[in-house]
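Right, one structure below, let's go through it.
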Amino acid sequence: MLKQIFTWWSGITVGAAFDIKRRSGYVGTDEYGNRYFEERKPSIEGRRRRYVIYKGLAEPSKVPADWHGWLHHTVEEPPTKAPLTRREWETDHRPNMTGTPWATKPKGSLSGGGQRQRASGDYEAWTPDA
(Lines of atoms letter the chains of each structure in order from A and count residues from 1; the text may use other names and numbers.)
(Lines give C-alpha, C1' and ligand atoms only; values in the text may rest on other atoms or scores of the structure.)
Protein backbone atom coordinates (compact mmCIF):
# COMPACT_ATOMS: atom_id res chain seq x y z
CA MET A 1 0.00 0.00 0.00
CA LEU A 2 2.85 2.44 0.78
CA LYS A 3 4.25 1.76 -2.68
CA GLN A 4 0.97 2.93 -4.24
CA ILE A 5 0.92 6.07 -2.12
CA PHE A 6 4.46 7.27 -2.80
CA THR A 7 5.83 5.76 -6.03
CA TRP A 8 4.70 6.22 -9.63
CA TRP A 9 7.25 4.15 -11.59
CA SER A 10 5.77 0.78 -10.61
CA GLY A 11 2.15 1.75 -11.12
CA ILE A 12 -0.25 4.58 -10.48
CA THR A 13 -0.35 6.36 -7.12
CA VAL A 14 -3.55 6.44 -5.07
CA GLY A 15 -3.93 10.20 -5.57
CA ALA A 16 -3.53 10.02 -9.34
CA ALA A 17 -5.95 7.07 -9.56
CA PHE A 18 -8.54 9.01 -7.56
CA ASP A 19 -8.09 12.12 -9.71
CA ILE A 20 -8.34 10.22 -13.01
CA LYS A 21 -11.39 8.28 -11.79
CA ARG A 22 -13.08 11.52 -10.73
CA ARG A 23 -12.38 13.59 -13.87
CA SER A 24 -11.99 11.05 -16.69
CA GLY A 25 -13.78 8.26 -18.47
CA TYR A 26 -12.35 4.87 -19.38
CA VAL A 27 -11.59 4.51 -23.11
CA GLY A 28 -9.92 1.13 -23.51
CA THR A 29 -7.07 -1.29 -22.84
CA ASP A 30 -4.25 -2.31 -25.18
CA GLU A 31 -2.66 -5.75 -25.67
CA TYR A 32 -0.10 -5.01 -22.92
CA GLY A 33 -2.75 -4.29 -20.29
CA ASN A 34 -2.24 -0.50 -20.28
CA ARG A 35 -5.49 1.37 -19.62
CA TYR A 36 -6.44 4.62 -21.37
CA PHE A 37 -8.63 7.47 -20.12
CA GLU A 38 -9.92 10.80 -21.43
CA GLU A 39 -11.12 13.75 -19.36
CA ARG A 40 -14.84 14.42 -19.50
CA LYS A 41 -14.46 18.22 -19.85
CA PRO A 42 -12.13 20.00 -22.29
CA SER A 43 -9.21 21.95 -20.84
CA ILE A 44 -8.71 25.67 -21.30
CA GLU A 45 -7.12 24.99 -24.72
CA GLY A 46 -10.32 23.24 -25.81
CA ARG A 47 -8.94 19.69 -25.92
CA ARG A 48 -9.60 16.85 -23.53
CA ARG A 49 -6.51 15.51 -21.76
CA ARG A 50 -5.75 11.86 -22.34
CA TYR A 51 -3.97 9.51 -19.96
CA VAL A 52 -2.40 6.08 -19.89
CA ILE A 53 -2.05 3.97 -16.76
CA TYR A 54 0.72 1.48 -17.41
CA LYS A 55 0.46 -2.12 -16.33
CA GLY A 56 3.63 -2.76 -14.35
CA LEU A 57 6.57 -0.41 -14.78
CA ALA A 58 5.87 2.99 -16.29
CA GLU A 59 7.58 2.43 -19.65
CA PRO A 60 6.36 4.69 -22.47
CA SER A 61 7.67 2.36 -25.18
CA LYS A 62 4.95 -0.11 -24.13
CA VAL A 63 2.35 2.13 -25.81
CA PRO A 64 1.48 0.71 -29.28
CA ALA A 65 1.49 3.08 -32.28
CA ASP A 66 -2.31 3.33 -32.61
CA TRP A 67 -2.73 4.29 -28.94
CA HIS A 68 0.25 6.67 -29.17
CA GLY A 69 -1.51 8.51 -31.99
CA TRP A 70 -4.67 8.82 -29.93
CA LEU A 71 -2.82 9.97 -26.78
CA HIS A 72 -1.11 12.77 -28.73
CA HIS A 73 -4.30 13.88 -30.55
CA THR A 74 -2.97 12.72 -33.93
CA VAL A 75 -6.18 10.73 -34.42
CA GLU A 76 -9.49 11.69 -32.86
CA GLU A 77 -11.05 8.27 -32.34
CA PRO A 78 -9.40 5.70 -30.05
CA PRO A 79 -8.36 2.33 -31.51
CA THR A 80 -11.33 0.72 -29.75
CA LYS A 81 -13.69 2.69 -32.05
CA ALA A 82 -11.57 3.09 -35.20
CA PRO A 83 -8.64 0.66 -35.41
CA LEU A 84 -5.77 1.69 -37.68
CA THR A 85 -5.40 -0.22 -40.93
CA ARG A 86 -2.44 -2.58 -40.75
CA ARG A 87 -0.23 -3.00 -43.80
CA GLU A 88 1.26 -6.39 -44.68
CA TRP A 89 4.81 -5.04 -44.22
CA GLU A 90 4.19 -3.77 -40.67
CA THR A 91 5.53 -5.82 -37.77
CA ASP A 92 3.95 -6.19 -34.35
CA HIS A 93 4.82 -3.56 -31.76
CA ARG A 94 7.53 -4.51 -29.28
CA PRO A 95 8.46 -2.41 -26.24
CA ASN A 96 12.05 -1.26 -25.77
CA MET A 97 13.73 -3.91 -23.61
CA THR A 98 16.94 -1.96 -22.93
CA GLY A 99 17.93 -2.32 -19.28
CA THR A 100 15.82 -5.44 -18.73
CA PRO A 101 16.85 -9.11 -18.62
CA TRP A 102 15.25 -9.51 -22.09
CA ALA A 103 17.48 -6.89 -23.77
CA THR A 104 19.55 -7.88 -26.79
CA LYS A 105 23.06 -8.86 -25.72
CA PRO A 106 25.30 -9.22 -28.79
CA LYS A 107 28.65 -10.99 -28.68
CA GLY A 108 31.29 -8.65 -27.33
CA SER A 109 28.93 -6.72 -25.06
CA LEU A 110 29.85 -6.49 -21.39
CA SER A 111 26.96 -8.73 -20.42
CA GLY A 112 27.91 -11.18 -23.16
CA GLY A 113 31.46 -11.80 -21.90
CA GLY A 114 33.09 -8.56 -23.02
CA GLN A 115 35.32 -10.09 -25.74
CA ARG A 116 34.54 -9.27 -29.34
CA GLN A 117 36.09 -10.89 -32.37
CA ARG A 118 38.95 -9.08 -34.04
CA ALA A 119 38.03 -7.35 -37.27
CA SER A 120 40.13 -6.54 -40.31
CA GLY A 121 41.68 -3.12 -39.89
CA ASP A 122 41.26 -3.44 -36.12
CA TYR A 123 42.66 -0.64 -34.02
CA GLU A 124 45.58 -0.82 -31.62
CA ALA A 125 44.90 0.70 -28.22
CA TRP A 126 47.25 3.57 -27.33
CA THR A 127 49.29 3.16 -24.17
CA PRO A 128 51.31 6.06 -22.76
CA ASP A 129 54.37 3.86 -22.02
CA ALA A 130 54.80 2.62 -25.60
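Note that this note's numbering has the sequence shown beginning at 1262, numbered continuously upward.
We treat Cβ as the ideally placed atom computed from N, Cα and C, and that holds for glycine.
All figures in this text were calculated on a predicted structure; none of them were measured in a lab.
Skipping 5 residues on each side, what residues in its chain have a beta carbon closer than 8 Å to that of residue i?
{"i": "P1344", "result": "D1327"}
{"i": "M1204", "result": "Nothing can be reported for residue 1204, as the shown portion of the chain is limited to 1262 through 1391."}
{"i": "P1202", "result": "No information on residue 1202 is available, as it lies outside the stretch 1262 to 1391 that the chain covers here."}
{"i": "T1341", "result": "V1288 and G1289"}
Per the DSSP calculation, residue i is bridged to which residue(s)?
{"i": "R1296", "result": "T1290 and I1314"}
Which two residues bound the contiguous alpha helix (DSSP H) that contains residue i?
{"i": "V1275", "result": "V1275 to R1284"}
{"i": "H1329", "result": "A1326 to L1332"}
Are residue i and residue j touching if we call contact CB-CB under 8 Å?
{"i": "K1316", "j": "G1294", "result": "yes"}
{"i": "P1356", "j": "K1323", "result": "yes"}
Whose C-beta lies closer than 6 Å to the C-beta of residue i among residues of the same chain, with five residues either side of it excluded?
{"i": "W1331", "result": "P1339"}
{"i": "R1284", "result": "E1300"}
{"i": "S1372", "result": "K1366"}
{"i": "E1349", "result": "none"}
{"i": "V1336", "result": "G1330"}
Report the option in the options whose CA atom is closest to the CA atom of residue i.
{"i": "T1290", "options": "R1310, E1337 and P1325", "result": "P1325"}
{"i": "D1280", "options": "F1298, V1288 and E1292", "result": "F1298"}
{"i": "R1311", "options": "E1385, H1354, H1333 and G1360", "result": "H1333"}
{"i": "I1273", "options": "A1319, I1305 and E1306", "result": "A1319"}
{"i": "R1296", "options": "V1313, S1370, K1282 and R1347", "result": "V1313"}
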